[in-house]
Structures are given as structure tokens and as C-alpha cells.
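To start, the structure itself, in C-alpha cells.
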Amino acid sequence: MADERFTGRWKFMQAHPVLPFLILFILVFFLSFASGRYPVDPVTLVKVLVSRIADIPQTWPDQAETVIFRIRLPRVLIGALIGCGLSLSGLVYQGIFQNPMVSPDVLGSTSGSAFGSAVALLLGLGYTSIFSISFLFGLLSVGLVVFISHRVRGNQVLTLVLTGMMISFLFNSMLSYVKLVSDTDDVLPQITYYLIGSLNSTRTSDLIACAFFIIIPAVVIYLIRWPLNVITTGDEEASSLGINTKVIRLTAILCATLMTSASTAAAGMIGWVGLIVPHLVRMLIGCDYRFSIPATALLGSAFLMFTDMLSRILTTSEIPIGILTSFIGSPFFLYLIIREGRKT
Amino acid sequence: MKLEIRNLSFSYDGRRKVLDGLSLSADEGQFICLLGRNGAGKTTLFRTLLGTLRKKEGEILTDGDDLSKLSARERAGRIAYIPQESSQSFSYTVLNAVLMGTTNRISTLASPGEKEVNTAIEALRRFGIEALKDRKTDSLSGGERQLVLCARAVSQNARILLFDEPTSSLDWANQIRTLSLIRSLTREGYLAIVSTHNVQDALNYADRIVLLDRGRIVSDSTPAELAENSALADFYSLPLTIKRVDDTYVCIPEL
Chain A
89 MADERFTGRW
99 KFMQAHPVLP
109 FLILFILVFF
119 LSFASGRYPV
129 DPVTLVKVLV
139 SRIADIPQTW
149 PDQAETVIFR
159 IRLPRVLIGA
169 LIGCGLSLSG
179 LVYQGIFQNP
189 MVSPDVLGST
199 SGSAFGSAVA
209 LLLGLGYTSI
219 FSISFLFGLL
229 SVGLVVFISH
239 RVRGNQVLTL
249 VLTGMMISFL
259 FNSMLSYVKL
269 VSDTDDVLPQ
279 ITYYLIGSLN
289 STRTSDLIAC
299 AFFIIIPAVV
309 IYLIRWPLNV
319 ITTGDEEASS
329 LGINTKVIRL
339 TAILCATLMT
349 SASTAAAGMI
359 GWVGLIVPHL
369 VRMLIGCDYR
379 FSIPATALLG
389 SAFLMFTDML
399 SRILTTSEIP
409 IGILTSFIGS
419 PFFLYLIIRE
429 GRKT
Chain V
-19 MKLEIRNLSF
-9 SYDGRRKVLD
1 GLSLSADEGQ
11 FICLLGRNGA
21 GKTTLFRTLL
31 GTLRKKEGEI
41 LTDGDDLSKL
51 SARERAGRIA
61 YIPQESSQSF
71 SYTVLNAVLM
81 GTTNRISTLA
91 SPGEKEVNTA
101 IEALRRFGIE
111 ALKDRKTDSL
121 SGGERQLVLC
131 ARAVSQNARI
141 LLFDEPTSSL
151 DWANQIRTLS
161 LIRSLTREGY
171 LAIVSTHNVQ
181 DALNYADRIV
191 LLDRGRIVSD
201 STPAELAENS
211 ALADFYSLPL
221 TIKRVDDTYV
231 CIPEL
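Going line by line, the protein sequences match chains A and V. Numbers in our numbering are just positions in the first sequence, counted from 1, shifted up by 88. To convert, note that position 7 of the second sequence is -13 in our numbering; the numbers rise steadily by one, no gaps.
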């Protein structure tokens, strides 16, 4: 009897593989509001959110509204968007490079964005300019990688990865130079803090930009879900199956770059999310992009909302989220190496 | 479907020709084995046929249409590729792997629907592996994987099948099964071009054996013709005798 119930549940899970990720996302979303310095319980949260679209009597203090709309909601949403963007980028890059160990910065977008923001901080530019310059440098670095690698004959995948590494080194060395010439009392700490990765200084304008540069590419990625499945078999096979590999790869790279650059421009370098979330999803529900795209988007969002919540509640002074994701990501990566070793 | 290759040349570096004025004509229902040493141009020929390499000179025609003018999707409807070993970095269920064969008939922005699933299941049934449909491809044996790749090629609806060393990683029994399977496909009208290093298999299964050396065809004969002349011994620079025992050719090197 228990077995039958288990089999029934298992069949249900197989038919609806994304559902558990959606439930987790909703739970973490409410938990993010219920924790922290000004906790808001789920019922109040729902009432306040509904009050914006329907006329219901106010049973909550004014302060709750301020906390939700001015402080917590933008931050939770931007955390969800960045988590979704970074995780999806990782998932996409891993597929098109046929390598499950690839992370979103493989083509240098993170290094480019980091350099861009450091230059903007050095020049003392305003917040919007920092985001824009960082975003543009992220795109520029990947543009350079694609441009150079298309002029090289031979294995396109290998050339892209190697060129990506070189461009990353180039931007990292330029970043080091910017740090070297920065004012050690003022600009250098700003750059250092920015590069650690944090949602603390994100603003509503970031939310709008991130929504635009993450949601649209995410939709495009979902639309090409089947060609992405086929391209993981390798160029030769995918092409023989009727896929225009160049077009699909360029579309995927463009979308992943937009998402990574927007995320890095808004919150600095948040590592590991793009590596571990797609891995976890594949371990749980398999590789099929038809399901792994929505599942990765939801789990990535939930993971970053949860990590951000920890960063707010663990200590009185907030821990930058980049430190926490690395703290969780490194042991997980070691676990993966051990697991892969056992398999072989 | 007829395949016509005329004066095909290709070079990776612009100097050394890997394919050098190669011409070949093949009709549906034929089982053609390509024999050649490593670097003879077999893989390059396949890549050119698949469109992953652009030919430098010559023409490739399928039913009179220039292959280079067809889109990847149209080409996939004519030529299917069965690789030696499919990538295992990402593992899919057998059903999904076979469904990939229907990609050329669905829109880029769509996923396979019920019609495609039925086509894939029909292909699985045909090769007797329907029971494997929910298994992951990385959990299959070499022989089972080969059957899945054949089912994928059949669900692709292409009539020309390119097999890249299909038996090289299989045990003896699965080698025989795979070759028999290819022969049964050619009897249904498929044109199979099989690259191999196994001379004896080529003699026993192929209708035609093409010897490729430095991008050129040095011999294009039936197994019976090869058994009687010295082309194979000259080709491999190896003294050998080909005997016929009952209906089977046995190739014995004289060492």
C-alpha cells in the first residue's frame, strides 16, 4: 500500500518535474519577508500586495507597507532576478559548450563587467553610469571573444573557451591596474566591496534594468529549449539533425551574456550560483531543457533569495552575498568532484 | 535517393588536400563500405556531406539538388549521421534521444509534440528497444546505444545513412547484429555509407567497397571483384589471401 502511494507520487513528480521548484520558490519568497530586522508575516504580506489591486480594509500598520514596498520587495525581487539570470546563464553555457563544469564567466562577461564598474568608480561617476558602464564592458568582453574566435579555424567550442580565458585574464589585469591607481582610502574599498558581490546597495533602477535584461533573454532561452537539447550532442550531430548550430549558439551566448552582465552590473561578482544550481537541477530532474530551464530559473531565484536572507540575519552587520555563495558553493563543488570520481 | 559526389576537394590549411577530386555515385538500397587508413579522408568526407565542413571544389548532389544550397533542416531530411560514440556529458532518456531525430520537422521555437513522439516510439519498436524508452542513454550498453542511434536516424526520415565506424567499440556479437541491421535497412531502400577498418566485415556485408587513400578513391569494386584481384593487398601494402568458405569471405594476412 505504502509502495503504491510512493509509486503514485513518483509518477506525479515525473509528470510535473517543475512543481517542487515552484513550491520551494514560493516558500522562500515568503520566508524572505518573514525574516530580518522588520519581519512581515505571510498573511500581512499577501494582504498588502492584494491591497494594491483590490480594495480591502487595512488591518496592518503603515510601517509594514513601507517595509514591504520600499525595502524588502525590491531587494527580494532583485535577488530572485539575479539568481535566475546567473543560474540560467550557467545552464545555457554548460549545454552549448557540452561541459557541465562551465560557469557563466567562461566567456569573460564577469571580468569585463567588474573592470567596467571599477573604472566607473575610479572616475567617481554616478550610480546609473556605474551600472551602464559595467553592463557594456560585460557585453564588450564577450563580443571580443566571439569576434576573435570566429576568425580562428578549428574547433569552435575549444576556441571560444580559450579566447574567453584570455580575455578574462586581460580584463583582470586591467582591473588590478585600476585598483593599483585608486585612492586607498576612498575608491579602493568601494571597488573591493563591489567586487565581493552584494545586494545591499542595489536600487529600484537596478530592478527595472535587471527585469528587462534578465526576463527577456530568459524567455528567448525557453523558446529555443529543444535546439539547446540537441546541441548538447555536439556540433556534428546537432548539425546533422537539422540544427543551425551557429545561430543557436550565438543566440544562447547573447542571452546568457545579457543576463550575466546585468546581474554583475547590479550586484557585483556573485560566484558559484551559475555552476551549482544547474548541477543540482540536472541531478534532480535530468538534462531535458524543456524542464530544466524553468526549474533552474526557480531554484536559482530561491537559492539567491535564501542566501540573501542569511546574509541579512546571520550577523548584525550584513555579510556580502558573494562571500556566502562561495562558502556554500566551494564545498558543493568538491562534493561534485568526489561524486564524478566515484562514477568513473 | 541518389547521391552524387563530383570532383570533391577539401583542404584544412589551403595547401594539403584531404579530399582530392573525389567522385562517387551511389543509389538507394546500396551498402557501401569506405575503407582507408587513418587520415585517408573518411571523416572529412562525412563532415563535408553533413555540411559541418564547406567544400572547396566540386559538387554534392542528392536527387539532383546541390547539398550546399540546402538548409541544415533540409539536409537533415536527406542525410542522417550515426556517430561512432555519441556525447555522454548530458544524458537523456532513450525516448528523448530518438525524438531528436524529428528535429528537422519541427519549428526552431517548438518542442516535439504527440506526432513526433509516436514517430520516435515507432522507431524504437522497430529496433525492438521500446522497453528502454525511459532509460538514460549513459546507462546503456554499447550495442543498445548503437540501436538507439539507428532508431534516431530512422525517425529523421532521411534515406541516406552515414555510419562512422559503427562496430569499432562493440563486442563481436553486437558487431554482427549491427552490420545485419544496416544490411536490413539497405534492403528497405536506405543508402548506407559505412566507414570501417574491418576488411572482413566489408567483404561480407557490403555491396560495394570503396578504398580511399589521401583523399582519392583508388578502388571502387564489389567484394567478389576484390577477392579476386590484389587491390586490397596493394592498398594496405600487406600480403594477404582472401578465401571463400561457404558464403563467407575470410581475409588471411600472410605474416
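Glycine included, C-beta positions come from ideal geometry on N, C-alpha and C. Source: prediction; values computed, not measured.
Quick check: the Cα distance between residue i and residue j, rounded to an integer number of angstroms?
i	j	result
residue 105 of chain A	residue 178 of chain V	46 Å
residue 148 of chain V	residue 89 of chain V	37 Å
residue 305 of chain A	residue 171 of chain A	14 Å
residue 76 of chain V	residue 376 of chain A	8 Å
residue 228 of chain A	residue 255 of chain A	10 Å
residue 234 of chain V	residue 326 of chain A	43 Å
residue 167 of chain V	residue 299 of chain A	57 Å
residue 140 of chain V	residue 197 of chain V	20 Å
residue 148 of chain A	residue 142 of chain A	15 Å
residue 151 of chain A	residue 129 of chain A	13 Å
residue 283 of chain A	residue 262 of chain A	14 Å
residue 90 of chain A	residue 121 of chain A	Residue confidence is low: residue 90 of chain A scores 49 on pLDDT, short of 50, so the model does not pin down where it sits. Its coordinate-derived value is still stated next. Their backbone Cα atoms lie some 37 Å apart in a straight line.
residue 269 of chain A	residue -6 of chain V	48 Å
residue 49 of chain V	residue 247 of chain A	27 Å
residue 337 of chain A	residue 144 of chain A	49 Å
residue 403 of chain A	residue 397 of chain A	11 Å
residue -13 of chain V	residue 132 of chain V	31 Å
residue 115 of chain A	residue 388 of chain A	14 Å
residue 35 of chain V	residue 22 of chain V	14 Å
residue 137 of chain A	residue 167 of chain A	19 Å
residue 208 of chain A	residue 221 of chain A	7 Å
residue 372 of chain A	residue 384 of chain A	11 Å
residue 272 of chain V	residue 200 of chain A	No statement about residue 272 of chain V is possible, as the shown extent of chain V runs from -19 to 235 and does not include it.
residue 91 of chain V	residue 100 of chain V	14 Å
Assuming residue i contacts residue j (C-beta within less than 8 Å), just tell me the rounded distance between them.
i	j	result
residue 285 of chain A	residue 357 of chain A	5 Å
residue 278 of chain A	residue 69 of chain V	41 Å between Cβ atoms; not a contact.
residue 194 of chain V	residue 20 of chain V	7 Å
residue 366 of chain A	residue 178 of chain A	5 Å
residue 154 of chain V	residue 126 of chain V	7 Å
residue 73 of chain V	residue 135 of chain V	Wrong, their Cβ atoms sit about 14 Å apart, outside the cutoff.
residue 393 of chain A	residue 164 of chain A	6 Å
residue 353 of chain A	residue 157 of chain A	Contact doesn't hold; Cβ gap of about 24 Å is too wide.
residue 142 of chain V	residue 59 of chain V	6 Å
residue 391 of chain A	residue 350 of chain A	Not really, about 18 Å apart at Cβ, beyond 8 Å.
residue 364 of chain A	residue 417 of chain A	5 Å
Would DSSP call residue i helix, strand or coil?
i	result
residue 16 of chain V	strand
residue 339 of chain A	helix
residue 313 of chain A	helix
residue 287 of chain A	coil
residue 220 of chain A	helix
residue 399 of chain A	helix
residue 482 of chain A	No answer is possible for residue 482 of chain A: it lies beyond the span of chain A, which begins at 89 and ends at 432.
residue 218 of chain V	coil
residue 233 of chain V	strand
residue -16 of chain V	strand
residue 368 of chain A	helix
residue 384 of chain A	helix
residue 186 of chain V	coil
residue 90 of chain A	Reliability of the predicted coordinates at residue 90 of chain A is poor, the pLDDT of 49 falling under 50, and no value is obtained from them.
residue 378 of chain A	helix
residue 225 of chain V	strand
residue 240 of chain A	coil
residue 90 of chain V	coil
residue 271 of chain A	coil
residue 404 of chain A	coil
residue 201 of chain V	strand
residue 175 of chain A	helix
Compare the Cα-Cα distances from residue i to each of the options and report the closest residue.
i	options	result
residue 182 of chain V	V:197, V:167, V:207	V:207
residue 170 of chain V	V:152, V:130, V:45	V:130
residue 159 of chain V	V:116, V:112, V:12	V:12
residue 152 of chain V	V:172, V:165, V:180, V:175	V:180
residue 415 of chain A	A:360, A:182, A:125, A:386	A:360
residue 183 of chain A	A:384, A:319, A:380	A:319
residue 180 of chain A	A:380, A:399, A:408	A:380
residue 108 of chain A	A:208, A:369, A:196	A:369
residue 192 of chain A	A:230, A:216, A:214	A:230
May I ask you to check if the CB of residue i is nearer than 8 Å to at least one heavy atom of the ligand FAD?
i	result
residue 386 of chain A	The model depicted lacks the ligand FAD and carries no ligand whatsoever.
Contained beta strand (DSSP E) runs [length at least 3] in the stretch 98 to 164 of chain V, N- to C-terminal order = 140 to 144
Can you give, in chain order, each stretch of the beta strand (DSSP E) that sits fully within the stretch -14 to 65 of chain V and has at least 3 residues?
-> The stretch -14 to 65 of chain V contains these whole beta strand (DSSP E) runs: -3 to 6, 11 to 16, 37 to 42, 59 to 62.
Where are the alpha helix (DSSP H) runs, 4 residues long or more, that stay fully inside the stretch 107 to 161 of chain A, in chain order?
-> 107 to 122, 130 to 139, 150 to 154
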